[in-house]
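Protein chains in written order, with the numbering used here: chain Y, 32 to 401; chain L, 253 to 578.
Positions of the beta carbon are idealized from the N, C-alpha and C atoms, including for glycine.
Inspection log for the structure reproduced underneath, given as structure tokens.
Right, here's the structure in full:
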């Protein structure tokens, strides 16, 4: 937090948040302002802290699974995936092939609904209310599909060590295929309504620019990093699950501004649809869950497992000491480092641009304040 | 004024004021409903449905709710200013209705300076917003108020400049006179550029999206209105709808031939139908714009005005003057 006294008599401090429509949750940004210009933005975290990492140390490792979903409520299945992944790696269990496919399918659906929500919210931050209703319509279709198989609509707790809870059926496959078709038909509309909108472009082009070097220094990952031209995606860089079997691109842009981040995410929607299509085509038969002993003791030692969340690199680091309760759990969340670049790029910009900038970072605050 | 005409004149004044109030509240009701229903259509949802047929009574219920709400005054607010601001915004909105010609006969008073009267009265709204923002003792409100002043002062210039073109052609400030001049051809066909500039400027003047920067709920969390609740808030909203109505009425009078339209029986009164039809088409256009576009940034807003609208309207004025001289 900045403690510098006001150096100019025209400066004043504006509290953006913890309750502000554009801070996407309980984020507070202390803004030192000069008129509408931001001199120094300082994010303040911790308003939604729930000690998830500490909780992992006090409950058995399967008991932590519901927590995983509650850190990032927009990518619960991907958080599931990371957690079961790290436990499997530490315990030396291998999931069945069908389970891995189901994990990828549900994870990609989860990523799609996160991106769709982000698309609506970004435009909402810029003052247009209508597109979020359209993206919600699309998102609703995904939630319906996922609800059928997982039983919940947001905080999924679907994956288990060695597989998943429930198998997917032909109805699920048919509905997903139908959805893919629907989503593809919708993309030209978003292109017209949002990408082609002159006001939207004027609001995001050239805003919040950063270089790949700066992005690396701040540990940026995910679409924000790829917007600066670095093709770093865990699904390719450190392949996990069955991702290496699919043919998909890692979209990158070079500008490193809000528009580039926007373009990257929109293109990722298309890539996710491609992955879904291939996974549905090749879905193998077989058990959806490997045979695992009733009670697994985590061996002493540690393991990391990284997955690509819609916001970037999500890493679980788990240390076991031979008991049923993890000794230590550390989670590296993408939003935290993505947010850290805010003071660097947003100094000197207008208040309205800060909204665009935070919108394009796609922050989920409960993930930071885990 | 002699004694014989005093009573009818008084009655006439009373009747006009009552009509103006009815129009203000009626318009707020209709606009509130239209705004919700059209927003619903644009967003592929039904809009209000529960209260009354197609949610037609929703506004009445909202009114009851807003009247029932406690009027909170922030602790360190400038209380008199804070309380007077919504009234200062709403009260002047009544006055322009006294001179707007809805039909050849349906008009409070055909002032020789009708146009100037409307512009003068409407300008008070800027002061009201400034007072509201200042009195709220809230930085977001203050920013909204400051934006409002810069925006309204800027957009008044192209608006007045295009208006001057119309006045040059018609040679009158009287609203009936301007409408009468359009009997053969509406001015939108003679000077479409002026119409465009004027309409854009009126959208900005009424603080409607994409120019709703004094409010800007996603940046300033509602701007100058942040601290207002209940009736204070709804007075601002009612004022906004009334100013929209006035702005669209002016556009109709200046460019769309006022009450001119296909002949109707008792046209001296019923041609008001054409007037309202045109006004509401423009209002719906404003709603459409609001629910489609993102908000512009403040510097872009001012640049658009000073770099494009003002020069274009100046050139337009010059061309009009030259053409008239030839």
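Start and end residues, alpha helix (DSSP H) containing residue i
i	result
residue 370 of chain Y	365-371
residue 112 of chain Y	107-122
residue 141 of chain Y	128-156
residue 334 of chain L	331-346
residue 19 of chain Y	What is shown of chain Y runs 32 to 401, which leaves residue 19 of chain Y out entirely.
residue 456 of chain L	444-457
residue 162 of chain Y	161-181
residue 377 of chain L	376-387
residue 539 of chain L	524-542
Which of helix, strand or coil DSSP assigns to residue i
i	result
residue 381 of chain Y	strand
residue 35 of chain Y	Low confidence applies to residue 35 of chain Y: its pLDDT is 47, below 50, so where it sits in the model is not reliable, and the reading given next is rough at best. It is coil, neither helix nor strand.
residue 565 of chain L	helix
residue 59 of chain Y	strand
residue 220 of chain Y	helix
residue 263 of chain Y	coil
residue 423 of chain L	coil
residue 576 of chain L	helix
residue 345 of chain Y	strand
residue 242 of chain Y	coil
residue 327 of chain Y	coil
residue 46 of chain Y	strand
residue 65 of chain Y	strand
residue 263 of chain L	helix
residue 247 of chain Y	helix
residue 400 of chain Y	coil
residue 206 of chain Y	helix
residue 478 of chain L	coil
residue 226 of chain Y	helix
residue 195 of chain Y	strand
residue 268 of chain L	helix
residue 570 of chain L	helix
residue 320 of chain Y	strand
CA nearest to the CA of residue i, picked from the options
i	options	result
residue 333 of chain L	L/379, L/439, L/367 and L/395	L/379
residue 280 of chain L	L/532, L/544, L/561 and L/551	L/532
residue 148 of chain Y	Y/279, Y/317, Y/67 and Y/297	Y/297
residue 418 of chain L	L/263, L/258 and L/570	L/570
residue 336 of chain Y	Y/109, Y/295, Y/199 and Y/242	Y/109
residue 233 of chain Y	L/436, L/411, L/449 and L/545	L/545
residue 487 of chain L	L/259, L/269, L/276 and L/541	L/276
residue 238 of chain Y	Y/383, Y/307 and Y/340	Y/383
residue 411 of chain L	L/564, L/578 and L/257	L/564
residue 242 of chain Y	Y/132, Y/311 and Y/286	Y/286
Straight-line gap, residue i to residue j (C-alpha atoms, nearest Å)
i	j	result
residue 381 of chain Y	residue 144 of chain Y	30 Å
residue 328 of chain L	residue 479 of chain L	12 Å
residue 553 of chain L	residue 290 of chain L	26 Å
residue 288 of chain L	residue 47 of chain Y	29 Å
residue 34 of chain Y	residue 506 of chain L	Low local confidence applies: a pLDDT of 41 at residue 34 of chain Y is under 50, so the model's placement there is unreliable, with the coordinate-based value given in what follows. Near 57 Å, if we compare the C-alpha coordinates of residue 506 of chain L and residue 34 of chain Y.
residue 322 of chain L	residue 482 of chain L	6 Å
residue 461 of chain L	residue 246 of chain Y	35 Å
residue 331 of chain L	residue 391 of chain L	16 Å
residue 17 of chain Y	residue 171 of chain Y	Absent from the model: residue 17 of chain Y. The displayed extent of chain Y is 32 to 401, so no value can be given.
residue 454 of chain L	residue 384 of chain L	21 Å
residue 318 of chain L	residue 342 of chain L	16 Å
residue 50 of chain Y	residue 279 of chain Y	39 Å
residue 106 of chain Y	residue 286 of chain L	38 Å
residue 368 of chain Y	residue 190 of chain Y	27 Å
residue 302 of chain Y	residue 167 of chain Y	20 Å
residue 391 of chain Y	residue 55 of chain Y	12 Å
residue 321 of chain Y	residue 126 of chain Y	6 Å
residue 356 of chain Y	residue 103 of chain Y	23 Å
residue 159 of chain Y	residue 467 of chain L	13 Å
residue 527 of chain L	residue 295 of chain L	29 Å
Limits of the beta strand (DSSP E) - the one that residue i falls within
i	result
residue 336 of chain Y	332-340
residue 324 of chain L	Residue 324 of chain L -> no beta strand (DSSP E), and no H or E assigned at all.
residue 72 of chain Y	68-75
Beta-carbon separation (whole angstroms), residue i vs residue j, contact threshold 8 Å
i	j	result
residue 340 of chain L	residue 273 of chain L	With 8 Å as the limit, residue 340 of chain L and residue 273 of chain L do not qualify as a contact, their Cβ atoms being about 17 Å apart.
residue 115 of chain Y	residue 192 of chain Y	5 Å
residue 437 of chain L	residue 414 of chain L	Contact doesn't hold; Cβ gap of about 17 Å is too wide.
residue 345 of chain Y	residue 365 of chain Y	6 Å
residue 113 of chain Y	residue 338 of chain Y	4 Å
residue 156 of chain Y	residue 378 of chain Y	In fact, because the Cβ distance is near 19 Å, the residues do not count as touching under 8 Å.
residue 409 of chain L	residue 509 of chain L	In fact, because the Cβ distance is near 26 Å, the residues do not count as touching under 8 Å.
residue 309 of chain L	residue 316 of chain L	So it is not a contact: roughly 10 Å between Cβ atoms.
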